[in-house]
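According to the working numbering, the sequence shown is numbered sequentially starting from 1. Glycine included, every Cβ here is placed at the ideal spot set by N, Cα and C.
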Amino acid sequence: MADNYIERQYEQYEARKAAWEKARKLGKKKVKALRQKVKKAE
1 MADNYIERQY EQYEARKAAW EKARKLGKKK VKALRQKVKK AE
């Protein structure tokens, strides 16, 4: 039972980590795109 609990917790952790990394990568692309728009406006 303890092994199953630890395994479930680790799977949940990996899912949260993957979601965080995906959001971080998408956020960086948005910032880069925003900077390009600002440069074009100048």
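- request: Starting from the C-beta of R8, find all residues in its chain whose C-beta is less than 7 angstroms away, skip the five residues before and the five after it, and write them out in chain order.
  value: none
query: In whole angstroms, what separates the C-alpha of Y10 from that of A23?
result: 20 angstroms
field: Separation of A19 from Y13, as counted between CA atoms
entry: 10 angstroms
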